[in-house]
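If you read the sequence shown in UniProt numbering, its first letter stands for residue 1, the second for the next number, and so on. Don't be surprised by glycine CBs; every beta carbon is placed ideally from N, CA and C. Since the model is a prediction, treat every value here as computed from it, not as a measurement.
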Amino acid sequence: MEPSHSTKQTSDTAILIDEPSRSTRGKSAAPVAIAAKTKGGSYQKGGWGRGIAIFDLILRVAALVAALAATTTMGTTDQTLPFFTQFFQFQASYDDLPAFSYFVIANAIASGYLVLSLPFSIVCIVRPHATGARLLLLIFDTMLVAFTTAAAAAAAAIVYLAHNGNQNTNWLAICQQFNDFCQKVSGAVVASFIAAVIFIVLVVLSAIALRRR
Numbered sequence: 001m002e003p004s005h006s007t008k009q010t011s012d013t014a015i016l017i018d019e020p021s022r023s024t025r026g027k028s029a030a031p032v033a034i035a036a037k038t039k040g041g042s043y044q045k046g047g048w049g050r051g052i053a054i055f056d057l058i059l060r061v062a063a064l065v066a067a068l069a070a071t072t073t074m075g076t077t078d079q080t081l082p083f084f085t086q087f088f089q090f091q092a093s094y095d096d097l098p099a100f101s102y103f104v105i106a107n108a109i110a111s112g113y114l115v116l117s118l119p120f121s122i123v124c125i126v127r128p129h130a131t132g133a134r135l136l137l138l139i140f141d142t143m144l145v146a147f148t149t150a151a152a153a154a155a156a157a158i159v160y161l162a163h164n165g166n167q168n169t170n171w172l173a174i175c176q177q178f179n180d181f182c183q184k185v186s187g188a189v190v191a192s193f194i195a196a197v198i199f200i201v202l203v204v205l206s207a208i209a210l211r212r213r
């Protein structure tokens with residue numbers, strides 16, 4: 001009796017994976033590349049816009065300090081000469097001149113606006129792509145540029161006459177007598193011009209931020 005041989009047959013199952021063709025591979029890779037590029041560009045724009053917003057906030061605080069300094073300095077300027085007669089008292093005050101009164105009002109309004117604009121500037125930091133807040137700041141900043149520049153220029157003209165006088169109109173130079181008065185009003189005018197320059201920079205920053213979007 002012949003020994004029986006058992007034969008095992010093993011069958012290997014091959015799973016064939018079709019390799020994508022060149023045309024298919026190119027089409028599937030393209031959206032991935034585009035998506036990655038779009039995500040990276042969006043991130044860079046957001047970071048760039050947030051940097052501008054932070055710089056905007058710093059400039060607004062600096063402009064607020066300058067406008068407040070101009071307002072308080074001019075608004076508290078008052079000097080009385082130690083010598084006076086029975087009928088005349090030599091005194092100089094900011095409210096004696098309409099240009100100085102307008103100067104105080106304009107810088108006070110600018111200070112109030114800057115305080116109110118700080119929350120909008122913070123919104124632009126949190127949401128760099130917010131267009132409404134940035135556009136609103138751009139409009140009012142442009143208005144305040146003209147407002148503060150006009151006030152500073154009008155006061156600067158009076159300060160110039162106080163220092164140098166004008167012989168043609170018999171305007172006497174009073175700064176030799178009212179030295180403290182002239183120093184204070186001159187400092188206030190300089191602070192107001194600094195605030196006006198910062199407003200111009202803020203307008204440029206807002207325009208650039210809106211343009212980048």
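{"Item": "Put ASN166 into one of helix, strand or coil per three-state DSSP.", "Value": "strand"}
{"Item": "Can you name the residues that DSSP bridges to ILE79?", "Value": "Residue 79 is actually Gln in this sequence, not Ile. Looking at the DSSP assignment, GLN79 forms a beta bridge with ALA92."}
{"Item": "Could you name the residues of the same chain whose beta carbon sits closer than 7 Å to that of VAL203, not counting the 5 residues immediately before and after it, in chain order?", "Value": "LEU138, ASP141, THR142, VAL145"}
{"Item": "Considering PRO119, what are the terminal residues of the alpha helix (DSSP H) in which it resides?", "Value": "98-126"}
{"Item": "When the distance is taken between beta carbons, is VAL104 closer than 8 Å to THR71?", "Value": "yes"}
{"Item": "Quick one: using the 10 Å Cβ neighbour count with 16 as the cut-off for buried, is THR77 buried or exposed?", "Value": "buried"}
{"Item": "Using DSSP's beta-bridge definition, name the partner residues of TRP171.", "Value": "ASN166"}
{"Item": "In angstroms with no decimal places, state the Cα-to-Cα distance between LEU210 and LEU135.", "Value": "8 Å"}
{"Item": "Out of ARG50, ALA108, PRO119, which has the shortest C-alpha to C-alpha gap to THR73?", "Value": "ALA108"}
{"Item": "If you draw a straight line from the alpha carbon of LEU68 to that of LEU97, how long is it in whole angstroms?", "Value": "20 Å"}
{"Item": "Three-state secondary structure (DSSP) at GLN183?", "Value": "helix"}
{"Item": "On the criterion of 16 or more Cβ atoms from any shown chain inside 10 Å, does ALA157 qualify as buried, or is it exposed?", "Value": "exposed"}
{"Item": "At a cut-off of 7 Å, would you count ILE109 as near the ligand GDP, judging by its Cβ distance to the nearest heavy atom?", "Value": "What this structure holds is no ligand at all, so the ligand GDP is not there to describe."}
{"Item": "In the structure shown, what three-state DSSP assignment does ARG25 receive?", "Value": "Caution is warranted here: a pLDDT of 46 is assigned to ARG25, below 50, making its placement in the model unreliable, and no coordinate value can be reported."}
{"Item": "With a threshold of 7 Å on Cβ separation, who are the neighbours of SER206 within its own chain once the five nearest residues in sequence on each side are excluded?", "Value": "ARG134, LEU137, LEU138, ASP141"}
{"Item": "Give the single residue among VAL65, TYR94, ALA151 whose Cα lies nearest to the Cα of SER111.", "Value": "VAL65"}
{"Item": "How big is the Cα-Cα spacing for PRO31 and TRP48?", "Value": "Any answer about PRO31 is weak, because its pLDDT of 43 lies below 50 and its placement is not dependable; what the coordinates show is given next. If I take the Cα positions, the gap works out to 25 Å."}
{"Item": "Helix, strand or coil for PHE147 per DSSP?", "Value": "helix"}
{"Item": "Please state whether DSSP places ALA130 in a helix, a strand or coil.", "Value": "coil"}
{"Item": "Thinking C-beta only, is ALA152 closer than 8 Å to GLY185?", "Value": "Residue identity check: residue 185 is Val in the sequence provided, not Gly. No, the Cβ-Cβ distance between VAL185 and ALA152 is not below 8 Å."}
{"Item": "Would you report the Cα separation of THR169 and PHE55, rounded to the nearest angstrom?", "Value": "47 Å"}
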